[in-house]
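Visitor:
Numbering (the numbering used here), first residue to last: -14 to 425.
Structure (structure tokens):
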């Protein structure tokens, strides 16, 4: 009865959609201790032993250390590879959990502690896997997929015998997943399995998030290499190829002092907010827009910014799609909902992504784990593409051949930065990407 009451309370809290991601999860986080206490246990590990959101500064072992542990006793880890495969398929490729996972990582809250925020795409970091386990075990009362992921994670974590510290059980889950991705995932013929390909493709789509970069090192390894050295090289390349060019583009186009500046510039932007299973592979989910904005427009924190500034409205949509949330399509409903999101400071960190240290001390190649490509447009190209924007969220239909032709022309005429490889995907064939219809 206690579990049922908690589940009903959590479901009721989900009705109030116009809340920031972290606020949306707050009810679940506050109820999680009691909810987890109602859940099943293993012989040595009770789900109620999962602590609060804040683990502090714990760090997982390097890939080299993980592989050394594996080499000493391969059977201990191989036994749990089927469970790891199913767990990773759920949190990386499932239409429900792959987006709920972003909410768990970014929005898991505790007293005086917030979740990972812009590192929402991480899966294989120590803190990310902890937030994911807290999320799926709390959501087990409303979702069969969350229940299954919870059971799989608990099974692997409970395979460490005796009474050990919680982070050692997390390390077991991370090591089983890591060794599966490096040494496992083979079919009977010794080739990479379909499931392994789907998992690694999904991980690769968000690999530039600082903590999610570890996902790419694991994905690409299959060798005994130092994770720290490769991770640093990967992040350095990300910094040179993605973050700096984006920020140089906006600093030049929209000059000003910190968050203030009135000179407007025109941009085309394409974002990936998730991954979708299409036939037998994972493809990026794209959304795109064009906007004309100044530094003040892009950095403002005004409550009504999502109603008054089209660029901000589109970034709110990216935020909503990435976390698997919802926005109305009818203007009388959309206006107050956008205002409430603005009041709850949704979309923080955008100025750090676009302008970096000229606005604040932080800088990020991604924004909430989403990757972006930008093109500074000529006025003619902007006018041509603006005529194809679809309301109410200011989106371009990337399946429209006319829009693709205009994007091709704009990319040739303008200066591009960020994930310019999106253009190659866009101009290949529609089956290689997915566009959600966000217009009426």
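Every residue, glycine too, gets a C-beta built ideally from N, C-alpha and C.
1. Could you compute how far the alpha carbon of residue 357 sits from the alpha carbon of residue 147?
2. Just to confirm, is the Cβ distance from residue 118 to residue 138 under 8 Å?
3. List the residues that DSSP assigns as beta-bridge partners of residue 400.
4. Beta carbon of residue 363, beta carbon of residue 398: below 8 Å?
5. So, helix, strand or coil for residue 423, using DSSP?
6. Alpha carbons only, please: which of 114, 145, 130, 266 is nearest the one belonging to residue 31?
7. Beta carbon of residue 86, beta carbon of residue 94: below 8 Å?
8. Run through the region 125 to 150 for me and flag every whole beta strand (DSSP E) of 3 or more residues, listed as ranges in chain order.
9. Looking only at its own chain, which residues have a Cβ that is under 7 Å from the Cβ of residue 73, when we skip the five neighbours before and after it?
10. Residue 114 to residue 134, Cα distance in whole Å?
11. Where does residue 299 land, buried or exposed, given buried means 16+ other C-beta within 10 angstroms?
12. Using DSSP with H/G/I as helix, E/B as strand and the rest coil, what is residue 77?
13. In chain order, what are the residue ranges of uninterrupted alpha helix (DSSP H) at least 4 long that sit wholly in the region 276 to 353?
14. When you compare the CB positions of residue 255 and residue 407, do they come within less than 8 Å of one another, or not?
15. Buried or exposed: where does residue 367 fall if 16 or more other Cβ atoms within 10 Å of its Cβ makes it buried?
16. Measure the C-alpha to C-alpha separation of residue 474 and residue 344 and round it to an integer number of angstroms.
17. By Cβ distance, which residues of its chain are closer than 7 Å to residue 79, with the 5 residues on each side in sequence left out?
18. Output the boundary residues of the alpha helix (DSSP H) element that contains residue 84.
19. Among 359, 424, 392, which has the Cα closest to the Cα of residue 229?
20. Taking just the CA atoms, how far does residue 142 sit from residue 154?
21. Give me the residue from 239, 372, 132 with the minimum Cα distance to residue 250.
22. Given that a residue counts as buried once 16 or more other Cβ atoms are within 10 Å of its Cβ, and exposed if not, what is residue 434?
23. Residue 292: buried (16+ other C-beta within 10 angstroms of its C-beta) or exposed?
24. Using a threshold of 8 Å, state whether the C-beta atoms of residue 89 and residue 41 are closer than that.
25. Could you tell me whether the Cβ atoms of residue 405 and residue 355 are closer together than 8 Å?
26. Residue 160: which of 313, 63, 321 sits nearest, CA to CA?
27. Under 8 Å Cβ to Cβ from residue 180, same chain only, skipping five residues before and after it: list those, please.
Guide: For this structure:
1. Roughly 46 Å separates the two Cα atoms.
2. A contact, by the Cβ cut-off of 8 Å.
3. BP columns for residue 400 point to 361.
4. The Cβ atoms of residue 363 and residue 398 sit closer than 8 Å to each other.
5. In the structure shown, residue 423 sits in coil (DSSP, three-state: anything other than H, G, I, E or B).
6. It is 145 whose Cα lies nearest to the Cα of residue 31.
7. In this structure, residue 94 does not lie closer than 8 Å to residue 86 by Cβ.
8. Uninterrupted beta strand (DSSP E) stretches at least 3 residues long and entirely within the region 125 to 150 do not occur.
9. Contacts found: 162, 184.
10. Spanning the two alpha carbons is a distance of roughly 12 Å.
11. Residue 299 should be labelled buried.
12. Here residue 77 sits in helix by DSSP.
13. Runs of the alpha helix (DSSP H) inside the region 276 to 353: 280 to 284, 290 to 293, 295 to 307, 316 to 328, 335 to 340.
14. Note that the C-beta distance between residue 255 and residue 407 is below 8 Å.
15. With at least 16 other beta carbons inside 10 angstroms of its own, residue 367 counts as buried.
16. This structure does not reach residue 474, given that the chain is present from -14 up to 425, and the question cannot be answered.
17. Excluding residues within five positions, the ones whose Cβ falls inside 7 Å are 130.
18. Per DSSP, residue 84 belongs to the alpha helix (DSSP H) from 82 to 92.
19. Ranking the options by Cα distance to residue 229, first place goes to 359.
20. Answer to the nearest angstrom: the Cα atoms are 5 Å apart.
21. Shortest Cα-Cα distance from residue 250 to any of 239, 372, 132 involves 239.
22. Since the first and last residues shown for the chain are -14 and 425, residue 434 lies out of range.
23. Answer is buried; the Cβ neighbour count reaches 16.
24. Cβ atoms of residue 89 and residue 41: not closer than 8 Å.
25. Not closer than 8 Å, so no.
26. It is 63 whose Cα lies nearest to the Cα of residue 160.
27. Closer than 8 Å at the Cβ level, and outside the excluded window around residue 180, lie 70, 74, 170.
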